[in-house]
Amino acid sequence: MRKRYWFFTTVFTFLLIISIKNLIFVDYRVEGGSMQPTLEEGHELSINKVNHFLFDIKRFDIVVFNGPGGKDAYIKRVIGLPGDELYYKNDQLFINGKAIDEPYLKTLKKAVPFGRLTGDFTLKETTGKETIPKDFLFVIGDNRRISHDSRHFGLIHKDDVIGKVKE
């Protein structure tokens, strides 16, 4: 009788832990090279689905989100937050008129010494907006030359964020 009790208690506890894990975390496999060299293709991630509800998404966080039309999940870096004005000029990010350093791009910038990693653009050109509206984010892949991101499909709503990647 005692063995049976411990067996069922162990099985129940195991199933409870698995269920809670699946409610809080989702597994994600990086597809494509748009986040290289930060995240390589095939890299397996465990995404915390709750963290972004408890804590605000910050500039330069890497997030997984439902892409345009909700069909595919994308993984990109948050560059612009609500209220921001942003643009790129001569491979330099400017937010609210200030040049912003992007240390995670140093490796890629060295690989293209005579070219630009990020082409010039303004928020207005890519989204039609002067500033990022409340509850929206501007996301971009680290490997700018091949990334399909907010420069192409516009801003994402914060409700489309599945979770933040812990680097």
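Numbering (this note's numbering), first residue to last: 7 to 173. Backbone N, C-alpha and C fix where the C-beta goes; we use that ideal spot for every residue, glycine too. Since the structure is predicted, the reported quantities are computational estimates derived from the model, not experimental observations.
Pair within 9 angstroms by beta-carbon distance, residue i and residue j
i: Val70; j: Arg83; result: no
i: Thr1; j: Asp97; result: Absent from the structure is residue 1, since the part of the chain shown begins at 7 and ends at 173.
i: Arg150; j: Leu111; result: yes
i: Ile101; j: Met41; result: no
i: Thr137; j: Gly89; result: yes
i: Leu161; j: Gly73; result: no
i: Ile24; j: Lys170; result: no
i: Glu47; j: Val36; result: yes
i: Asp165; j: Asp141; result: yes
Limits of the unbroken beta strand (DSSP E) element including residue i
i: Leu51; result: Glu50 to Asn54
i: Lys82; result: Ala79 to Gly86
i: Lys116; result: Note, Lys116: premise wrong, no beta strand (DSSP E); alpha helix (DSSP H) at Lys112 to Ala117.
i: Gln98; result: Gln98 to Ile101
i: Lys104; result: Lys104 to Ile106
i: Phe71; result: Ile68 to Asn72
i: Lys95; result: Leu92 to Lys95
Pick from the options that is closest to residue i, judged by C-alpha positions
i: Thr113; options: Leu45, Ile26, Glu131 and Phe14; result: Leu45
i: Arg157; options: Phe13, Gly134 and Asn102; result: Gly134
i: His163; options: Leu143, Pro43, Gly121 and Asp126; result: Leu143
i: Ser153; options: Lys115, Gly39 and Leu99; result: Gly39
i: Ile53; options: Leu21, Thr132, Ala117 and Ala79; result: Ala79
i: Leu168; options: Pro43, Ala117, Asp148 and Gly76; result: The sequence shown places Ile at residue 168, rather than the Leu named in the question. Of the candidates Pro43, Ala117, Asp148 and Gly76, the one whose C-alpha sits nearest the C-alpha of Ile168 is Gly76.
i: Arg122; options: Asp148, Asp141 and Tyr11; result: Asp148
i: Ile4; options: Lys140, Thr15, Ala117 and Tyr94; result: Outside the shown range of the chain (7 to 173) lies residue 4, about which nothing can therefore be said.
i: Ala117; options: Pro43, Trp12 and Arg8; result: Pro43
Endpoints, alpha helix (DSSP H) assigned at residue i
i: Asp129; result: In the sequence under discussion, the amino acid at residue 129 is Leu, which differs from the Asp named in the question. Taken as a continuous stretch (DSSP letters only), the alpha helix (DSSP H) holding Leu129 covers Leu129 to Thr133.
Per-residue DSSP class, three states only, for residue i
i: His163; result: strand
i: Val145; result: strand
i: Gly169; result: strand
i: Val36; result: coil
i: Ile9; result: Correcting the residue type first, residue 9 is Lys in the shown sequence and not Ile. Three-state DSSP puts Lys9 in a helix.
i: Phe18; result: helix
CB-CB length for residue i against residue j, believed under 8 angstroms
i: Asp67; j: Glu50; result: Not really, about 19 angstroms apart at Cβ, beyond 8 angstroms.
i: Glu91; j: Leu99; result: Actually they do not touch by this definition, with Cβ atoms about 12 angstroms apart.
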